[in-house]
Every structure is written in C-alpha cells, then in structure tokens.
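Data block below; observations after.
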Amino acid sequence: MSRRTGQVGSVFQQNQTAWNLAAPAYGRYWYDATEGRKRRVITLGVCTTRTVAKRKLREHIEAEGVNSAATLISTTTPGTTFREQAKRWIDSLATRRRRPVKPATIFGWQHALDKWILPTIGDLPVAEVSNGALKLLIETMAAGGLSAKTIVNYAQVPKMVVAPVVTADGEQIYPRKWNHDFVGLPIIDPNKQHRPTVTETEVSALITSAAYRFAVLFALLAGTGLRAGEALALKATDFSSGFRVLYVTRSIWHGREQDPKIPSAVREVDVAEPLAALLKTYAEGKLGYLFATRSGRPLGQRNVNRAAGVGLHAFRRFRTETLRRARVPEDLIGLWLGHAPKSVTDIYANGLQHDLAWRREWCDRVGLGFSIGLDGARNNAPLALMKAA
27 MSRRTGQVGS
37 VFQQNQTAWN
47 LAAPAYGRYW
57 YDATEGRKRR
67 VITLGVCTTR
77 TVAKRKLREH
87 IEAEGVNSAA
97 TLISTTTPGT
107 TFREQAKRWI
117 DSLATRRRRP
127 VKPATIFGWQ
137 HALDKWILPT
147 IGDLPVAEVS
157 NGALKLLIET
167 MAAGGLSAKT
177 IVNYAQVPKM
187 VVAPVVTADG
197 EQIYPRKWNH
207 DFVGLPIIDP
217 NKQHRPTVTE
227 TEVSALITSA
237 AYRFAVLFAL
247 LAGTGLRAGE
257 ALALKATDFS
267 SGFRVLYVTR
277 SIWHGREQDP
287 KIPSAVREVD
297 VAEPLAALLK
307 TYAEGKLGYL
317 FATRSGRPLG
327 QRNVNRAAGV
337 GLHAFRRFRT
347 ETLRRARVPE
357 DLIGLWLGHA
367 PKSVTDIYAN
377 GLQHDLAWRR
387 EWCDRVGLGF
397 SIGLDGARNN
407 APLALMKAA
C-alpha cells in the first residue's frame, strides 16, 4: 500500500467518437476485494465536459475510500470474526494503560457478549458489523424482553469492540457512523425506569427482624448511602476513633478487594451519633472485615441481598432521599455519596470536604431518617432504641 499513489479512474461515453454534452457519462476504476482486485463501472449522469465527469468520478472514489489504507487492509487481510475480536478486546480491558476497566464492568460486558451479542452476530466478519448487524441485535434483544435501558447499554458493546481495530499508525480500519434511528435504538424514559427504594418504616422493620450482623449492615447502608461493595470492604481501622467518620478506600467485588468505583468514591463519610455508637460496639474485637464469614472472608453480596429481600442499592436511594428532604447542600450530598463532580464549580468547591465542623453540623441536623431497634439477646448488648435526630 505504501507504494500506491491512488487512482483517479477513467471516464467514457458509449458509442461516441467525441464528447457529447447530452449523452450519459460513465466512470470505471479498480477496487480491492477479498478475492482480489476487481473492476467497477458507475454511472455519472449527463456531464457537459470530460473534466466535469472526471471530477464526479474522483469525488465518488474519495467518498468510497477506495484509495485508503483502511479499505485495503479490511478487504485484503484474512477476515477476523467479531467473536475473535471481542475476545481480544475483553482481554485488553484490565491491563490497558489508559483507563483500565474494573472487573465488575468487564463481567457485565462479558455477560452481554455471551448471552446476546455473540449468539446473534458473533460469527460475522468484523468488517460487516455495522448498522445492519446492530439493528439485528437490537431487534433480538427487544424480542427477548430486555428493558430499554439494558438494550441501550448492551448496544454500546459492539461499538466498543469494533472501534479499537486500527492500523499500525492508529487509524481506525472500520470507522462507523452509527445511525440510531435506523437501528431502532430505544429512547430511555427516566420515569419508566425501575428504581426500587425503601421507606423509613421498612428500614426499621428490616433492622429489627434481621440477624444482628445483617441488621448492623442494613443500618450502615441506610444511614450512610455507601455502595454495597464499599460497606462489605470496611474494617474497624477505616473509622475515626469515635466512629463519627468512616474512610472509604476500597471495595469488594466477588470476594476480592479492588479500588472504589470512581476516584471520587475515595472519600470521608460522616456518621450520625446513633449509628456511630452501634458500629463502635459491633466492631469491638474485630480485626478483619466487619461483615465477614466465619473464615474471615467478606460476606457475599448475593447472600446479603437474600437477607434483605431487596436490592442493596435501595438503601442508597433511601439515604439520598433523606439528605434531599433535609435540604443538605448538593456539594455535601455528592461528597457523602461519592458522586463525580459535574461542573467546574463542583471542582472549585472541592475544599469544602475538609471543613469537618460544617460537615458534622449537617450530619447531626439530618440524623438517620429511621430508628435503630436491636434486641439485646442477639447482640449481647443492652436493649437499645436509638432514634434519629
């Protein structure tokens, strides 16, 4: 390809000895195909001069990318299937230098590939995975009953698999202009999304009826808004001396420690006094994970979900509602929940996180939003009913 200077093709008119401004013109050129070089003839329409015809042919050749290196590579190299390229892509995610992907995210993308994408388009050559293939995939997922949000999320995976196929110079071999209208990508209606939460009464009932370690965990989740993986990774050393502040520095996924979800998830979370007292008593004498099995391994999230009878993210939504109801400043809500900054103003106000007195004032003002009632027979402590401020 480095020795090729490109081609402009040739133009002609049928049965004409001289150029006829009223007769249709045609163009012909060679193009690369998997089975070799082939000749193509196209109609240019009526062109008043040969120069006009040549210009139209040149524009067509450029639009088709006939002379590009990407076209040559994609049509003359042995065809790579989408399945093969997907494996290469998945294998590269955790170790790539820029923005390595967390195991939980890779697990979700692999599930989408195994369950829906590869059975539908896995055997297609990568060169053929374009809008038509994406349309087939979306129709298959819709027929399978997937929600609009899930379809939108899964439809991103084929795009990410195809995009990293590049030349030695880093140019995309299969550039795509995805047409969401053509492929039928659904539009997500936020009002129809399923976002289960819990009420004050339900939180208190769960805490009262659950086994002690689960009751403490549910109180922690509802009273701080921690992500489930962050709570399961906690140790006694992750709290201040009075347990009024906890430091989120790690997360648990499938029994393994990893960094929190995003950089802003590494944070300090202020704890209301009733919950701090409960956690201090519960953590006494525990050297490893606070919420662990008998062997010392962190509890599995599936087992905790089963004990709660509700998705653990419902507690995070409950805490968010409690903070909003108390009119807590958005900067502080973002800090406690570990949300990423959304604007330059959020970044400028980052210093507020170090204002411990301001944080403590709001923490005491909000309280928990629910009551903690634990039976002394289960926790070997006096009967306590600690009510939110």
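Numbering (my numbering), first residue to last: 27 to 415. Glycine included, every Cβ here is placed at the ideal spot set by N, Cα and C.
In the structure shown, Q379 falls within a helical segment according to DSSP collapsed to helix, strand and coil.
The C-beta separation of L163 from P184 comes to about 7 Å, placing the pair in contact by the 8 Å criterion.
Of the residues L160, G393, T227, the one whose Cα lies closest to the Cα of P212 is L160. Between the beta-carbon of Y273 and that of D264 there is about 5 Å, and that keeps the pair under the 8 Å contact cut. Counting C-beta atoms within 10 angstroms of its own C-beta, R124 has fewer than 16 neighbours from the protein chains shown and is therefore classed as exposed. Between the segment 274–281 and the segment 347–357, the count of C-beta pairs closer than 8 Å stays below three; the two stretches do not touch. According to the DSSP assignment, W204 belongs to no alpha helix (DSSP H), since it is labelled neither H nor E. According to the DSSP assignment, D117 belongs to the alpha helix (DSSP H) that extends over 108–119. Within its own chain, the residues whose Cβ lies closer than 8 Å to the Cβ of A168, once the five positions on either side in sequence are excluded, are I177, G210, P212, listed in chain order. An exposed status is given to A89, since fewer than 16 other beta-carbon atoms sit within 10 Å of its beta-carbon. Nearest to P216 by alpha-carbon distance, out of L246, V229, K175, is K175. Taking all protein chains shown into account, R293 has 16 or more neighbouring C-beta atoms within 10 Å of its C-beta and is therefore buried. Unbroken beta strand (DSSP E) runs of no fewer than 3 residues, entirely contained in the segment 48–84, are found at 50–59, 62–72, following chain order. Counted as a single uninterrupted DSSP element, the alpha helix (DSSP H) harbouring V188 occupies residues 174–188. Rounded to the nearest angstrom, the Cβ distance from F317 to R239 is 6 Å, consistent with a contact under 8 Å. The residue from D390, I288, D296 with its alpha-carbon nearest to that of S267 is D296.
If the five residues before and after F341 are omitted, its C-beta is found closer than 6 Å to the C-beta atoms of L247, A248, all from its own chain and listed in chain order.
Apart from the 5 residues on each side of it in sequence, K306 sits with its Cβ closer than 7 Å to the Cβ of F269 in its chain, given in chain order. Across the structure, A291 and E165 are spaced so that their CA atoms are roughly 37 Å apart. Using a Cβ distance threshold of 8 Å, V187 and A112 count as a contacting pair. Judged by beta-carbon spacing, Y180 lies within the 8 Å limit of W142, meaning their Cβ atoms are closer than that value. Membership of D357 in any beta strand (DSSP E) is not indicated; the residue belongs instead to the alpha helix (DSSP H) covering 356–363.
Ranked by how close their Cα comes to the Cα of V152, the residues A130, A334, F133, E110 have E110 in first place. Just measuring C-alpha positions, the residue of P201, A375, K261, Y52 sitting nearest S156 is P201. Annotated three-state conformation of S230 is helix, per DSSP. Beta-carbon to beta-carbon, A257 and A333 are separated by about 13 Å, too far to satisfy the 8 Å threshold. In this structure, the alpha-carbon of E387 lies about 25 Å from that of K261. I116 and W135 do touch by the CB rule: their CB atoms are close to 7 Å apart, below 8 Å. If you draw a straight line from the Cα of T225 to the Cα of R343, it is about 10 Å long. Beta-bridge pairing by DSSP links I278 to E283. DSSP, reduced to helix, strand and coil, places L272 within a strand of the structure shown.
In this structure, Y52 lies near V67, with their beta-carbon atoms less than 8 Å apart.
According to the DSSP assignment, F240 belongs to the alpha helix (DSSP H) that extends over 238–250. Taking C-beta separations shorter than 6 Å and ignoring five residues to either side along the sequence, the partners of A79 in its chain run V37, A51, L70, C73, following chain order. Rounded to the nearest whole angstrom, the CA to CA distance from G364 to A375 is 15 Å. The C-beta distance from G281 to R323 rounds to 6 Å, short enough to fall under 8 Å.
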